[in-house]
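Down below is the structure, laid out as structure tokens.
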Amino acid sequence: MNRKTFYSLNSKTNIISIFWALIFLNSFCVWGQKPLNPIKDNGPKSMIELVRADSLVGENSLTRTQTFLGNVIFIHRGVKLGCQKAIHNQSSNFIEAYGKIVINQGDTLTIVGDTLLYDGNLRFAKVYGKQVILRDKKVTLRTTKMFYDLNRDQAYYPVPGVLNQDSSKLSSNEGYYNTKTKYFRYNGDVEILNPSYTLCTDSLDYDTYSKQAIFKTFTTIKSKNGDISAYKGKYNIKTKVSAFQGRAKVTNTDYSLEGDTLQFDNTKGSGNADGNVVFVSFKDSLVVVGEKGQRFGDKGLTKIIGNTISQRVSKKDTLLIASDTLWVFEKPK
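Written as structure tokens, this is what we have:
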């Protein structure tokens, strides 16, 4: 072998070595890269599994898609999905289902509807229908569209919905419900209808365990014992006991009591007002202002405390009385 041939072979060897080195380096870089925002598998199973179906009517091996008919049941991480027709995409771990949709999460939660779109990777369900119903041990919620995030135990309905619990009916334009904490959040034209009262506001939080309604916007509560209005506070829809802030007022046919804060039992007609208190007796044409007010509904009297000034207006004259404490007694009916 001459020197020229040796150099030629050596050059080819170097070129081949560099070529394979580049391929190896490129492969290393490709395998070393991670996808952006990878989906996290938070459970023991990630793939949707078929439990049963009356028939398999279509199959596409290329897209790994199967179509099932009749009493179809899937299971995914302890959640049972039932329908009458389902298109199961194994590649994307996705189900498109129709007819008699049922989602069962253990023995605590059931959602029914007409159409279901379920993403197994995200554990996210979209349920549509003429009537989509969510039931658990605490409440029954009815709407026409519901999104349910199983990872966060949160249901959201972006359209009007109605909640029924005990004898109360609560409606709103949209709402959120945490199926684990049993906590609701309602937005838009919120209304609670009860045989003994009606509550109206624009946004409301509701704890189904304590029966406590929490609001931060102007709210009115109307009942046979009087009307209450406030800008912020809490109202127990079972006991009818309230704690209001931001200028609250209770009014009935006999009197009105107003203050910066107000605690009131709507059943007994008793409560306390604090801060710039104004008491008005309509029958006596009497207005009393002070720092604090106490209303005793069972005794038919009101106590105003702290730099009180009372004003009584008649056809002939006006009577003013200043004192530290003033009692207002109502005449027996």
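Residue 496 in the working numbering sits at position 332 of the sequence shown; the count goes up by one each step and never skips. Glycine included, each C-beta is placed from N, C-alpha and C at the ideal position.
By the 16-neighbour rule on beta-carbons within 10 angstroms, Arg287 is buried. The beta carbon of Tyr312 is closer than 6 Å to those of Ala289, Ala319 in its chain, skipping five residues each way along the sequence. DSSP lists Ile251, Leu281 as the beta-bridge partner residues of Glu260.
Beta-bridge partners of Ala377 (DSSP): Tyr370, Tyr399. Unbroken beta strand (DSSP E) stretches of 3 residues or longer found wholly inside the segment 297 to 344: 304 to 313, 318 to 321, 325 to 329, 332 to 336, 338 to 342, given in chain order. Pairing Tyr350 with Ser367 gives a Cβ-Cβ distance under 8 Å. A straight-line Cα-Cα distance of about 6 Å links Val296 and Val276. As the crow flies, the alpha-carbon of Lys294 is around 53 Å from that of Leu465. Shown here, Ser420 sits in a strand according to DSSP, grouped into three states. Separation of the CB atoms of Cys364 and Thr384 is rounded to 5 Å, and the pair is thereby assigned contact status at 8 Å. DSSP lists Tyr399, Phe428 as the beta-bridge partner residues of Ser406.
Rounded to whole angstroms, the separation of the alpha carbons of Thr489 and Pro322 is 53 Å. In the displayed model, Gly435 falls within a strand according to three-state DSSP. Looking at Ile473, Gln475, Lys467, the one whose alpha-carbon comes closest to that of Val492 is Lys467. For Asp353 and Val326, the gap between their C-alpha atoms comes out near 12 Å. In this structure, the straight-line span from the alpha carbon of Leu484 to that of Ser335 is close to 47 Å. Closest in alpha carbon position to Gln254, among Ser360, Arg306, Gly284, is Gly284. Taking a 10 Å sphere around the C-beta of Lys404, we find 16 or more other C-beta atoms and assign the residue as buried. Secondary structure note for Thr272: it is in no beta strand (DSSP E), with a DSSP letter that is neither H nor E.
Ranked by how close their Cα comes to the Cα of Tyr399, the residues Tyr340, Thr417, Phe428 have Phe428 in first place.
Rounded to whole angstroms, the gap between the alpha carbons of Lys463 and Tyr341 is 42 Å.
According to the DSSP assignment, Phe382 belongs to no beta strand (DSSP E), since it is labelled neither H nor E. In this structure, DSSP gives Ile473 an extended state, which the three-state scheme calls strand. Taking the C-beta atoms as reference points, Glu422 is found nearer than 8 Å to Val442.
CA-to-CA, the gap between Ala250 and Ile401 works out to about 42 Å. Contact annotation: Tyr419 and Ser445 have beta-carbon atoms nearer than 8 Å. The C-beta distance from His252 to Thr229 rounds to 7 Å, short enough to meet the 8 Å contact threshold.
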